[in-house]
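Scroll down for the structure; my scribbles are underneath it.
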Amino acid sequence: MDYLVHAQNPSILPSLNRRKFLTLAGLPVVYAARLPAGITLLGLDDADPLPGKHPGLTVLNDRPVNAETPPHLLNDSVTPAALMFVRNNGLVPRGLPETPTTWPDDWTLRITGEAVPEPVTFTLAELRRRFPTHTYQITLECGGNGRKEFSPPAKGNQWGNGAVGCPRWTGVRLRDVLEAAKYDPRKAVYIGYYGKDTHLSGDPDKVPISRGVPISKALEDESLIAWALNDEPLPLLNGYPLRLVFGGYPASCSGKWLSEIAVRDRVHDGEKMEGQSYRVPCEPVAPGTAVDDEDMCIILEMPVKSLITSPRTGAVIEQGVPLSVGGHAWCGSSEVARMDYSIDFGSTWSRCRLQSPANRFAWQRFTAEVTFPQAGYYEVWARATDADGRAQPMVLPGWNPRGYLNNACHRIAVKVV
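For what it's worth, UniProt numbering labels the leading residue of the sequence shown as 1, then goes sequentially.
Following this line, the structure appears as structure tokens:
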């Protein structure tokens, strides 16, 4: 495991004494006794860097922990827990199990806010016992997925294309819980969440993130207070033991380590709801333009997008042998209606086979058998079009200061020999 991850929050990861540290790879470290204090082993980079996660994830930073999944590891129709990307704004709460196997029945969730007559508290056990349970396969994608393609560079984690996943989530409808708390629909405008994660400074009075969604989104059937991912407890790094799940919106709206939901009589004004966080210019701007806060609008629905997951970019095939291409497509609250691929840099397009989603907000599998006219270098481009006729752009869409909403066509390199 990555030593720096341990250093930033040792309570959530197993401690490494010196002997264990020096034999982590299963081999004796020659001259271990001569290793200078403060120097760590380069070989640790080859070990599993995050608890419960596949070693193939790309760690962008460790304070806070952020990691994405290379596209070729996202080929499953249902994303395994070990391959679900990690996006944190603060430090993981202390005292929680690294690999959860059960749920803490005494974990509490408070419902508060101007549109609630008085605060109401539910334990996790009460949520599971009192309300109907629902399971949906729902795509979550970071609003900054694809940020590293922006030019000039945009501020923030330089995500490639792997900050997305579509597992099965199990929990209760947020709507049912709000109704049990007797929220006032005449007053309710927004909900905002609060979690148990801590600020990077360690200051308990500072909130790392507190975002939310309009009440209309909160009341949708698929808007969940979830405790399970693929029928198992949530992974620690993905919000164990309780989180929100909102399909079609930036994943930052789906608060983790959930402890409070405020039903607001105004647009929620929590941390990272104002300023330039998770906002884009209300009107298009030229690349590199400085935009005032008052000219930025909150991101709501995510755009239509697709990802080639098979084969891995850089594939080499023999001339005359068809290439099986596959991946996933998704789109905000709509459905993907058409999927195409191109091997001539977008000059012409051919249809892919496209499956229906498992349910609303689930991504859709696409496949194609691609043939190439001669030996040489090619790129396979993928383009999704939603039910409203909105298609992915071939190049980077409108530039914005924080690098959000990049839904340009995904592409892979292929060599035909």
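Ideal placement from N, C-alpha and C gives every residue a C-beta, glycine not left out.
All of these numbers come straight from a predicted model, not from anything done at the bench.
Inset, instruction - For G275, collect the residues of the same chain with a Cβ closer than 6 Å to its Cβ; drop the 5 residues on either side in sequence, then sort them by chain order. - result: Start at 1 with the first residue of the sequence shown, and residue 275 comes out as number 275. Closer than 6 Å at the Cβ level, and outside the excluded window around G275, lie D293.
Legend entry - Residues near I308 in its chain [Cβ-Cβ closer than 7 Å; skip 5 each side]: As a first step, residue 308 is located in the sequence shown; it is residue number 308 there, counting from the start. Within the same chain, I308 has close Cβ partners P71, V325, G327, V380, A382, H410, I412.
Legend entry - Top-ranked residue by Cα proximity to L258, from T121, L323, N66, T58: Residue mapping note: residue 258 aligns to position 258 of the sequence shown, counting from 1. The shortest Cα separation from L258 among T121, L323, N66, T58 belongs to T121.
Legend entry - Spatial distance of L354 from G165 (CA atoms): Start at 1 with the first residue of the sequence shown, and residue 354 comes out as number 354. Start at 1 with the first residue of the sequence shown, and residue 165 comes out as number 165. Between L354 and G165, the C-alpha separation is close to 18 Å.
Legend entry - Beta-carbon proximity check, M296 vs G212, cutoff 8 Å: To locate residue 296, count along the sequence shown from 1; it is residue 296. To locate residue 212, count along the sequence shown from 1; it is residue 212. It is not a contact, given that the beta carbons lie outside the stated cut-off.
Inset, instruction - Assuming E68 contacts T58 (C-beta within less than 8 Å), just tell me the rounded distance between them. - result: Counted from its first residue, the sequence shown places residue 68 at position 68. Counted from its first residue, the sequence shown places residue 58 at position 58. Indeed they touch by this definition, with Cβ atoms about 5 Å apart.
Inset, instruction - Ignore the nearest five residues each way along the sequence and tell me which others in S223's own chain have a CB closer than 6 Å to its CB. - result: Numbered from 1 along the sequence shown, position 223 holds the residue referred to as residue 223. So the qualifying residues of the chain are L174, F246.
Inset, instruction - Counting only the same chain and skipping the five closest in sequence on each side, list residues whose C-beta sits under 7 Å from that of A337. - result: Locating residue 337 in the sequence shown gives position 337, counting from the first residue. So the list reads T385, D386, A387, once near-sequence residues are dropped.
Legend entry - Assigned exposure category for L42 - 16 Cβ within 10 Å defines buried: As a working mapping, residue 42 is identified with position 42 in the sequence shown. Its Cβ having fewer than 16 others within 10 Å, L42 is exposed.
Inset, instruction - Run the CB neighbour count on Y377, radius 10 Å, all protein chains shown included, and call it buried at 16 or more, exposed below. - result: The count along the sequence shown starts at 1 and reaches residue 377 at position 377. Under this definition Y377 is an exposed residue.
Inset, instruction - Spatial neighbours of K256 within its chain, please: CB distance less than 6 Å, with the 5 preceding and 5 following residues excluded, ordered by chain position. - result: As a first step, residue 256 must be located in the sequence shown, where it is residue number 256. Excluding residues within five positions, the ones whose Cβ falls inside 6 Å are G195, G239, R243.
Inset, instruction - Would you check if the segment 155-164 and the segment 258-267 touch, i.e. whether three or more CB-CB distances between them fall below 8 Å? - result: no
Inset, instruction - Over the uninterrupted beta strand (DSSP E) stretch that includes L124, give me the two end residues. - result: Position 124 of the sequence shown holds residue 124. First-last for L124: 124-130, but that is the alpha helix (DSSP H), not the beta strand (DSSP E).
Inset, instruction - Let me know the secondary structure DSSP gives L242 once reduced to three states. - result: Numbered from 1 along the sequence shown, position 242 holds the residue referred to as residue 242. Of the three classes helix, strand and coil, the one that applies to L242 here is coil, per DSSP.
Legend entry - Buried/exposed call for I299, threshold 16 Cβ in 10 Å: Position 299 of the sequence shown, counted from the start, is the residue given in the question as residue 299. Answer is buried; the Cβ neighbour count reaches 16.
Legend entry - Among M302, P373, F361, L200, nearest to residue 424 - alpha-carbon criterion: Lying outside 1 to 417, the shown extent of the chain, residue 424 is not represented and no answer is given.
Legend entry - For A33 and K305, the rounded distance between their alpha carbons: Along the sequence shown, one-based indexing puts residue 305 at 305. Along the sequence shown, one-based indexing puts residue 33 at 33. Distance between the alpha carbons of K305 and A33 is about 52 Å.
Legend entry - Residues bridged to E114 [DSSP beta-bridge criterion]: The residue you call residue 114 lines up with position 114 of the sequence shown. E114 pairs with nothing; no bridge assigned.
Inset, instruction - Identify whether residue 429 lies in helix, strand or coil by the three-state DSSP scheme. - result: The structure shown has nothing for residue 429, since the chain only spans 1 to 417.
Inset, instruction - Decide if R351 is buried, meaning its Cβ has at least 16 other Cβ atoms within 10 Å, or exposed. - result: Indexing the sequence shown from 1 puts residue 351 at position 351. So R351 ends up on the exposed side.
Inset, instruction - May I ask you to report which of helix, strand or coil DSSP gives S259? - result: Residue 259 sits at position 259 when you count from the first residue of the sequence shown. It is a strand residue.
Legend entry - Nearest neighbour of V189, chosen from P132, I215, L323, L237 [CA to CA]: Here residue 189 is taken as the residue at index 189 of the sequence shown, counted from 1. Selected option, being the one with the closest Cα: I215.
Legend entry - Chain-order list of residues whose beta-carbon lies under 6 Å from that of R110 (same chain, five-residue window excluded): The residue labelled residue 110 in the question sits at position 110 within the sequence shown. Closer than 6 Å at Cβ, skipping near neighbours: P119, T121, E260.
Inset, instruction - Can you grab the Cα-Cα spacing for the pair P397 / A375, in whole Å? - result: Position 397 of the sequence shown, counting from 1, holds the residue named residue 397. Position 375 of the sequence shown, counting from 1, holds the residue named residue 375. When rounded, the distance between both Cα atoms is 32 Å.
Inset, instruction - Measure the Cβ-Cβ separation of G171 and W227 and say whether it is below 8 Å. - result: What you label residue 171 is simply residue 171 of the sequence shown in a count that begins at 1. What you label residue 227 is simply residue 227 of the sequence shown in a count that begins at 1. Yes, the pair counts as a contact, with Cβ atoms nearer than the cut-off.
Legend entry - Inter-stretch contact at 8 Å, needing at least 3 Cβ pairs: the segment 359-371 / the segment 276-290: no
Legend entry - Extent of the continuous alpha helix (DSSP H) to which R175 belongs: Translated into positions along the sequence shown, residue 175 becomes position 175. Start and end: 174-180.
Inset, instruction - Using the Cα positions of R63 and P185, report the straight-line distance between them to the nearest angstrom. - result: Taking the sequence shown and counting its residues from 1, the one referred to as residue 63 is at position 63. Taking the sequence shown and counting its residues from 1, the one referred to as residue 185 is at position 185. Going by the C-alpha atoms only, they are around 39 Å apart.
Legend entry - CB-CB length for R168 against D231, believed under 8 Å: Residue numbering aside, residue 168 sits at position 168 when the sequence shown is read from its first letter. Residue numbering aside, residue 231 sits at position 231 when the sequence shown is read from its first letter. Confirmed, Cβ separation roughly 7 Å.
Inset, instruction - Would you mind stating whether E271 and V207 have Cβ atoms separated by less than 8 Å? - result: For the purposes of this step, residue 271 is identified with residue 271 of the sequence shown, where counting begins at 1. For the purposes of this step, residue 207 is identified with residue 207 of the sequence shown, where counting begins at 1. In contact: E271 and V207 (Cβ atoms closer than 8 Å).
Legend entry - Reduced DSSP category for P71 - H, G, I as helix; E, B as strand; rest coil: Position 71 of the sequence shown, counted from the start, is the residue given in the question as residue 71. Looking at P71 - three-state DSSP - the assignment turns out to be helix.
Inset, instruction - Specify the secondary structure class of L4 as computed by DSSP and reduced to three states. - result: Sequence index remark: in the sequence shown, residue 4 carries index 4 (1-based). Any reading at L4 must be qualified, since the residue scores a pLDDT of 31, below 50, and its modelled position is unreliable; the value itself is stated next. L4: helix per DSSP, three-state reduction.
Legend entry - Opening and closing residue of the beta strand (DSSP E) in which K305 lies: Here residue 305 refers to the residue found at position 305 of the sequence shown. Unbroken beta strand (DSSP E) run through K305: 305-310.
Legend entry - G26 (DSSP reduced to helix, strand or coil): Here the question's residue 26 lines up with position 26 in the sequence shown. Residue confidence for G26 is low, a pLDDT of 47 falling below 50, so the modelled location carries little weight and cannot support an answer.
Inset, instruction - Spatial neighbours of residue 418 within its chain, please: CB distance less than 7 Å, with the 5 preceding and 5 following residues excluded, ordered by chain position. - result: No answer is possible for residue 418: the residues shown for the chain start at 1 and end at 417.
Inset, instruction - Could you check if A37 is buried or exposed, using at least 16 other CB atoms within 10 Å of its CB as the buried criterion? - result: As a working mapping, residue 37 is identified with position 37 in the sequence shown. By the 10 Å Cβ count, A37 comes out exposed.
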